[in-house]
Every structure is written in structure tokens, then in C-alpha cells.
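Those protein sequence lines, which keep their order, are chains A and B.
Residue numbers -16 to 452, in the working numbering, belong to the letters of the first sequence in order.
Residue numbers 316 to 408, in the working numbering, belong to the letters of the second sequence in order.
In what follows, a structure is listed as C-alpha cells, so that the remarks can point back to it.
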Amino acid sequence: MIDTLRLTAEEAMGLIERGEASAAELHAAYLDAIRDRDGELHAYLRTVDEADGGGVPIAFKDVISSRGVETTAGSKVLQGYVPVFDSTVAARCREAGLPLIGKTNMDEFAMGSSTENSAYGPTRNPWDPERVPGGSSGGSAAAVAAGLAPWALGTDTGGSVKQPASLCGIVGLRPTYGTVSRYGIVAFASSLDQVGPMTKTVRDNALLYRIIAGRDPCDTTTVELPQPVELPEREDLKGIRVGVPKELNEAEGIEPGVKEAADRTIELCRELGAEVGETTLPRSVEYGLACYYLVAPAEASSNLSRYDGVRYGLRVEGESGVRSMYERTRDAGFGDEPKRRIMLGAYALSAGYYDAYYGQAQKVRTVIAQEHAAAFRSFDVLVSPTSPTVAFRLGEKAENPLAMYLSDVLTIPSNMAGLPGLSIPCGLSEDLPVGFQLIGPQFSENTLFHVGHALERAIGFDVVPGRLQ
Amino acid sequence: MAITRDEVLHVARLARLELTDDEVERFTGQLSAILEAVAKVSELDLSDVEPTAHPLDLVNVWAEDEPRPSIPVEDALANAPDREAGFFKAPPA
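Next comes the structure, spelled out in C-alpha cells:
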């Protein structure tokens, strides 16, 4: 009998290597766990019955194309869409022998921070089913936290891997932009979208990143990693310079319990031998959110123009002619959040407003990149809470888009600069997990894994939600 | 910065969205609040700053022009709502 609740991917690999469990038995054990616990959580949109491959099973956020398995991006407009090709990350997982166990729920088109924007109903947080798992990769986060998958892939545009990892008490990496292929990922904002691993441990995260990262001829924005991915071993932080950006740690809206847990972890960095100092990102945090909510919707308004009822997905017939068919298909197919962002983007790009909105936001993006580069002249990593709050209640922010957007205020600035960020669980507040964000310069994933692993060992966080023990 | 009902209808037309009256009402208020928040970027004087479109310093990524197998027509049409004689079929323009 395999207990999936506590099993890490690395341990699951050990079971297979030692002949103690077959890939098929592991797959079946996770399907059993899904049958037991996913009725309440709704982490999965669909599962795959047979293990295709000899390794540890993996779950994909439903924005990742998988040949022959329906892929909806959480939207009615793609209901019934079955990709005829694998995304590059799906192909790499297939080559590595990882059987797909299922596709996980998400905010429609990855637009949201709670998974409540899914057209197929919300996912619930395994720590407290009255609360959201975060988003947009909330299904993947909940699946890993509840032992319904040993590991999973999510995607992160403004914080959609880091924030749900934080709210569900697991480890999530948003990799350096360009290190993981976007080929076959349903596009939201192409200059920001990145696929990232969501796991129970930092070592699992490094193992999965090693499988998916690297240049892909099908995505010309990808690059080869400058050095191979190293599995972290070291448990001290000697020689590491940790910067504490004032604005990320004192931002309005950070809950006291979150601040306390993050401050304790910063103290722990010092105890493990790191040099810790204060630093500043004066305009990145103050202007980051506004910059993001111009750039991302502008790119989304262009990317989502493809849903026109002609080549795939939903079609709603119009009164006459193709234009009426387009307009009805799109009104019926998209939920509120994609509609808001498409219109916001179209407005920011329209004649007369382009320079003031989109053009200005692109310049703010330069300022954000410069401020981070300046901080990295003195520090190896920057740290802060990942999310200003612990998991919030379902429905709490559903009617107020701006309040929801503030969930990502701490993850967005570094995302705008294309920087990698790792969220690790660092403690509890109100019996709910708090995430600690580590940000590094481009291509510094090995440093993030080292620091994350050392902290993880020292913190000793129990990744199994109390109510499931 | 408030957006008017007419502007919402104009943007919806640009985006090919046929909104219901309820949606127009709801989005006019919500988009006004969002636009007011994002207009914050205009507080900064950035006249001497270059824009960033992309976070990596990549310019002109070339590839050899080599033919590769492509998706068969049958597969390409597999998800189409309507088709005829090996083509996607759409209502008249």
C-alpha cells in the first residue's frame, strides 16, 4: 500500500528503482487518492487511466497541451479541444518516462489568483476547503499538497506558480524567462509566461526543472542553460549575501502573521551563515502592479484573438455572416476576467492611448529591471513573503478585480524583469501556510535551489496539511 | 480616469465581443477602477528611458530553413467546428 500523502517524487523514484513499486502501481495509488480526496478539492479537470511510461506520474496545469488529452485552459471556449501535438514540456516529460496522471484546474487562461475564475468551478485549498488554493495554477498546487500527484507543472505570468505554492504550502519555481519552452502552452502574455515545477521539496523541484529546461528550436525565445542544474546538498548559507528589499517586506497589506514568519526565516538565513542586509526597490514595487496590468492585458488581447470559432473550440452561430459569429462565440466562450483583460489591453493599445499606457508601461519595465540589477550588485538573492496574505476565503475577492490583483503585488516586480523566483513554505499563520520568496538574477536557479534547500531543512515544515494527517 | 459606456462598446467592438447590457454596465464600472489604478504609471517622467518589450537580450534568432514534417491536414482539421473539402468552413464574410 503506497501512502501518497507524504511521498516525494524523489522517494517515488526510489521505490521504482529498488523494484518496490512499478510505475503502474504508483499511478494507480495516485488515482485512488484522487478518487478519495478530489471530490472535495476539485484539483483535477480530468485524469488519465493508464500509466504511459516507466517513471513517476506527473500532473499538468490544463494550459499545457498534451497530445490526445483534452486541454481547455479552464475556458468554455476550448471545451472539447484535444491537442494533436505535445507541448515541448509534455514531450520532455514523456521522454523522461513520466506518465501524465491528469490535467489540473486553473483560472481561465491563467488569469486570476484564486482558481475561482475556472469555467469548470473552483478548486479548494487542502489546508481548509473553505479557502482558495491561490491561482492561477491552483489545481496543480492543491494536487501536490494533498498527495494527489507527486509533482506537477504550472505556469507563471504574474505569480501563478509562486502564489498558489505559497497558499498551499508547497515549493514552486518561476524559472528565468526563456529557460523553459512555451511551445504548446496556451498563450496569455508571451513576454511573461513561463512553465514552472510545483513540488513538495526543493530537490524535487530541481529534478523536474532539469527535465523541462533548455533551448527549444520551436520557441525562439528560449536559451540553453549557462550551467547544468545541480541537485542541492548543502545545508548552510555561508558566503551567500541575502538582500531584504524594504518595499517588498513592508508593503501595505502584508498580514502580521505573514510578516512574522518571513522575518523569522530571514533571521534563520543569518543563523545558517548568510550575510543579511537591507536593500531597496523604490519604484519596482510601487509601480510594478500598474505596469503588469497594462503589459499583460495588452499581450492577452492579441493572443486571445485566435478564439474565433473557426479552427477549434466553441462556435456560436451569429445572425448573419462571420463577424456576428465571432462576436457571439467570444461573448459566450470567455468568462468575465478574460473579457476584462482583453478590453483593457485593446484600450491600452488603441490609437490615442498607446503612448500614455502601453508605451509608458514598457518604460517602467526597464526601470524595474535596472533596479533589480542594481540590488544584485550587492546581493545574491532577494527575499520577501511570496503573498501578502495566507489563503483567503472563496468568494472574498470575487466581486472586486482590483483586490484580487493585489494578491500578486510581491511576485509581479521580479517577473517583469524576467527573473527566477522560488517560493518555499516557511511556517504557518492562522494554521495556514506562509510562503517565502527567493528572487535571483537571471539563470541563478542553482543558487535559489541551494538557499531554498538549506532553509527547507532548517525550517522542517510539514507539507502534509494538518486536517489530512 | 473613467471610461464611458460608449468607450466600452467601442473597445468591445474592436475586440469582437458582443456584450449583453448587463456586461456593459458591469465592465464600465470595473474597467474605470482598473484604469484609474494603472494610470499610476504616468506619474513617472521616463522621457529618457528606453522601453523593454522582452526580458532577455536576444536579437535576430536565426534558424536553418530546413523542411520538416508538418501536421497532417486531417489532424489540423480535427478540432474544427465546421469543415468542407479539406478546409475550415466559416460563415460568409
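Don't be surprised by glycine CBs; every beta carbon is placed ideally from N, CA and C.
Beta-carbon gap between residue i and residue j smaller than 9 angstroms
i	j	result
B:Pro370	A:Ala12	no
A:Asp314	A:Asp111	no
A:Pro82	A:Pro40	yes
A:Val489	A:Arg165	The first residue shown for chain A is -16 and the last is 452, placing residue 489 of chain A beyond what the model contains.
B:Leu332	A:Phe317	yes
A:Ala283	A:Gly328	yes
B:Ala327	A:Met326	yes
A:Gly423	A:Asp363	yes
A:Pro147	A:Gly118	yes
A:Pro228	A:His433	no
A:Leu61	A:Tyr290	yes
A:Val163	A:Ala124	no
B:Ala368	A:Gln345	yes
A:Gln452	A:Leu(-12)	yes
Cutoff 9 angstroms: residue i Cβ touching any chain B Cβ
i	result
A:Ile325	yes
A:Met399	yes
A:Tyr311	Before going further, note that residue 311 of chain A is Arg rather than Tyr in the sequence given. Yes - at least one Cβ of chain B is within 9 angstroms of the one on A:Arg311.
A:Ser333	yes
A:Met308	yes
A:Thr349	yes
A:Lys86	no
A:Thr288	The sequence given here has Ser at residue 288 of chain A, not Thr. Taking Cβ atoms only, chain B reaches closer than 9 angstroms to A:Ser288, which makes this a yes.
A:Cys274	yes
A:Lys145	no
A:Lys59	no
A:Gln420	no
A:Val206	yes
A:Gly467	What the structure shows of chain A is the stretch from -16 to 452, and residue 467 of chain A is not part of that stretch, so it cannot be assessed.
A:Leu454	What the structure shows of chain A is the stretch from -16 to 452, and residue 454 of chain A is not part of that stretch, so it cannot be assessed.
A:Glu300	yes
A:Pro200	yes
A:Tyr388	yes
CB-CB length for residue i against residue j, believed under 8 angstroms
i	j	result
A:Gly130	A:Ala16	6 angstroms
A:Asn88	A:Thr106	5 angstroms
A:Pro403	A:Ser427	6 angstroms
A:Thr184	A:Thr430	That pair is no contact at about 17 angstroms.
A:Gly137	A:Ser120	3 angstroms
A:Glu238	A:Thr372	5 angstroms
A:Leu287	A:Phe43	That pair is no contact at about 21 angstroms.
A:Leu255	A:Tyr340	Rounded, the Cβ-Cβ distance is 44 angstroms, inconsistent with contact.
A:Val268	A:Val366	Going by Cβ atoms, the distance from A:Val268 to A:Val366 rounds to 14 angstroms, so no, they are not a contact pair.
A:Val115	A:Leu377	6 angstroms
A:Val293	B:Phe403	5 angstroms
CB contact check: residue i to chain A, cutoff 9 angstroms
i	result
B:Thr319	no
B:Glu322	yes
B:Asp336	no
B:Pro382	no
B:Glu340	no
B:Val374	no
B:Val326	yes
B:Glu399	no
B:Val388	no
Between the CA atoms of residue j and residue i - distance to the nearest angstrom
i	j	result
A:Ser58	A:Gly296	10 angstroms
B:Val388	B:Gly401	7 angstroms
A:Val67	A:Arg29	18 angstroms
B:Pro396	A:Cys151	39 angstroms
A:Arg266	A:Leu332	23 angstroms
B:Leu346	B:Lys355	15 angstroms
A:Gly435	A:Leu405	8 angstroms
B:Val323	B:Val364	31 angstroms
A:Glu382	A:Lys221	47 angstroms
A:Ala170	A:Tyr27	21 angstroms
A:Gly142	A:Asp391	6 angstroms
A:Ile320	A:Ser49	The residue you asked about is not Ile; residue 320 of chain A is Glu in the sequence shown. Distance between the alpha carbons of A:Glu320 and A:Ser49 is about 25 angstroms.
A:Ala172	A:Glu(-7)	33 angstroms
A:Asp139	A:Asp202	17 angstroms
B:Gly344	A:Pro408	37 angstroms
A:Arg253	A:Arg217	15 angstroms
B:Asp390	A:Arg77	21 angstroms
A:His25	A:Ala357	43 angstroms
B:Leu373	A:Tyr275	21 angstroms
9 angstroms Cβ cutoff, residue i in contact with chain C
i	result
A:Glu413	Within the model displayed, chain C is absent; protein chains A and B are what it includes.
Contact test: residue i Cβ vs the ligand HEM heavy atom, cutoff 8 angstroms
i	result
A:Leu402	Looking at this structure, you won't find the ligand HEM or any other ligand, since it has none at all.
The stretch 372 to 392 of chain A in contact with the stretch 327 to 340 of chain A per 3-pair CB rule at 8 angstroms
no
Tell me, please, whether the stretch 48 to 55 of chain A touches the stretch 375 to 384 of chain B by the rule of three or more beta-carbon pairs shorter than 8 angstroms.
no
The stretch 205 to 225 of chain A touching the stretch 342 to 359 of chain A, judged by at least three CB pairs closer than 8 angstroms
no
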